[in-house]
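Student:
Residue numbers (this note's numbering): 233 to 674.
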């Protein structure tokens, strides 16, 4: 099947590459010539395990191509996936200008019947707006080509996107056109040989499903973070609570870890967009309001603990910080808790030496040449002469370190753990003063 992917960001590049991997002929469009030059040179503009090798393989075998030619892309695929960004607008709603521009370009240059697929995370009603702008362009051209619009939201986790795409939990198809449904069923047939994963529904339900899924996951995180604060007051241990709650099969263990808040390109943006869309319809989502508020407050918990321990004036104090990305296996720092932690520590006069396996280049872009922030070549080197270690991201390489080496490098054996990586009793035995999130201290 010939497929066009509009947008080579995270979703577009993963989608296009994985579809090419299954034998489809894929043309990816992006208006950024530097990005296309990079991709055509075998490099990728994002960090995602396994993706670069898969891109190189499918380019080499002729199934995956990249272009800046809008006309060529609109005339190529029988399926036209729109996978462009939907950043938050000033009022928190999803900004659809890139989605609608992509749709307008398809209408302006298409030469055959096709199906347009909204892969971007978009609010309910977007498919209708896409259909309207394509119809407008065809009318301007005096053409009566047949086309349909479908919703096929993505459910990819950064750091595990290839696995999520190749072995999906579910494949949502929102469509009211039989031809569009059959095309998408045929496209995804190789991904569900083991069992049926396709769920076909109306377009509005498909559009809402994506927001509902992310809002539910964000809710679980904020719920546990709020309980963690209560656990500290009551002398309970949030990790024991997590195990007790998660063992109920109606609840399960996923997304029940207390920590220093969620970030990234999806949860914060999608929660805001869902709130805004509900307000447009006169509905106040009180639970979702609380989820967002709790998360913003949770990003400050680590620094609050630091200030409680060292005082408000941190001048002359140096902190090692492990983890800059909002989660492991990505270099994405959008809405990352590390940004809040670093900004507040610097404001209180501290200096910071940070390390992250993937996100240090992105951190340099975010924080520019801030003199109070330096970067280390390794996690252990960051500890040199630091007054405490602050852990913000749960990279695997941080989970079983040499504690004796850590203690020897720190001025004081103090750890602030924003991801509850270690057991309090073990830290006490190792001679550390350990501050975690909602853990019971011996």
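Note that the Cβ used here is the ideal one computed from N, Cα and C, for glycine as well.
Please work out which residues of its chain come closer than 8 Å, Cβ to Cβ, to residue 518, disregarding the five sequence neighbours upstream and downstream, and give them in chain order.
Tutor: none
Student: Assuming residue 438 and residue 405 form a contact by the criterion Cβ under 8 Å, report the distance between their Cβ atoms to the nearest whole angstrom.
Tutor: Contact holds; Cβ gap of about 7 Å.
Student: Spatial neighbours of residue 334 within its chain, please: CB distance less than 6 Å, with the 5 preceding and 5 following residues excluded, ordered by chain position.
Tutor: 238, 314 and 316
Student: Once DSSP output is grouped into helix, strand and coil, what is the label at residue 437?
Tutor: helix
Student: Please identify the residue among 318, 339 and 291 whose C-alpha is closest to the C-alpha of residue 304.
Tutor: Measuring from the Cα of residue 304, the nearest candidate turns out to be 339.
Student: Going by alpha carbons, who is nearest to residue 610 out of 456, 248 and 552?
Tutor: 552
Student: In the structure shown, what three-state DSSP assignment does residue 237 receive?
Tutor: strand
Student: Give the straight-line distance between the Cα atoms of residue 614 and residue 306, rounded to the nearest whole angstrom.
Tutor: 50 Å
Student: So does residue 400 have its beta carbon nearer than 7 Å to some heavy atom of the ligand GTP?
Tutor: What this structure holds is no ligand at all, so the ligand GTP is not there to describe.
Student: Select from 367, 546, 463 and 452 the residue whose C-alpha is nearest the C-alpha of residue 523.
Tutor: 452
Student: Considering only DSSP beta bridges, list what residue 349 is partnered with.
Tutor: 313 and 382
Student: Could you pull the start and end residues of the alpha helix (DSSP H) that residue 567 belongs to?
Tutor: Where residue 567 is concerned, there is no enclosing alpha helix (DSSP H), given that its DSSP letter is neither H nor E.
Student: Between 631, 659 and 429, which has its C-alpha nearest residue 396's C-alpha?
Tutor: Per the Cα distances, 429.
Student: Which complete beta strand (DSSP E) runs does the region 288–340 hold, if anything under 3 residues is left out?
Tutor: Entirely contained in the region 288–340, the beta strand (DSSP E) runs reaching 3 residues are, in chain order, 296–299 and 311–314.
Student: So the alpha helix (DSSP H) residue 489 belongs to, where does it begin and stop?
Tutor: No alpha helix (DSSP H) contains residue 489, which DSSP labels as neither H nor E.
Student: Assign residue 462 to buried or exposed, taking buried as 16 or more other Cβ atoms, counted over all protein chains shown, within 10 Å of its Cβ.
Tutor: exposed
Student: Look up residue 585 in the DSSP assignment and give the residues it is bridged to.
Tutor: 552 and 606
Student: Going by DSSP, which residues form a beta bridge with residue 257?
Tutor: 234
Student: For my contact list, residue 490 and residue 448 are in at a C-beta cut-off of 8 Å; report their separation, rounded to the angstrom.
Tutor: The Cβ separation is near 17 Å, so there is no contact.
Student: Rounded to whole angstroms, how far is the Cβ of residue 535 from the Cβ of residue 578, which I believe are closer than 8 Å?
Tutor: Not quite, the Cβ-Cβ distance comes to about 10 Å (not below 8 Å), so this is no contact.
Student: Please report the distance separating the alpha-carbon of residue 652 from that of residue 595.
Tutor: 23 Å
Student: Exposed or buried, residue 267, counting other C-beta atoms within 10 Å across all chains shown (16 or more means buried)?
Tutor: buried
Student: Opposite residue 248 in the DSSP bridges: which residues?
Tutor: DSSP links residue 248 through a beta bridge to no other residue.
Student: Tell me the residue span of the alpha helix (DSSP H) that contains residue 268.
Tutor: 265–272
Student: How would you call residue 351, buried or exposed, if buried means at least 16 neighbouring beta carbons within 10 angstroms?
Tutor: Label assigned to residue 351: buried.
Student: My understanding is that residue 431 touches residue 403, with C-beta atoms under 8 Å, so please give their C-beta distance in whole angstroms.
Tutor: 7 Å
Student: What is the residue span of the beta strand (DSSP E) that residue 667 lies within?
Tutor: 665–667
Student: Going by other Cβ atoms of all chains shown within 10 Å of its Cβ, with 16 needed for buried, is residue 398 buried or exposed?
Tutor: exposed
Student: Is the number of C-beta pairs between the region 640–650 and the region 617–626 that are closer than 8 Å three or more?
Tutor: yes
Student: Would a C-beta distance cut-off of 8 Å place residue 296 and residue 249 closer than the cut-off?
Tutor: yes
Student: In the DSSP assignment, what residue or residues form a beta bridge with residue 481?
Tutor: Answer is none; residue 481 lacks a bridge partner.
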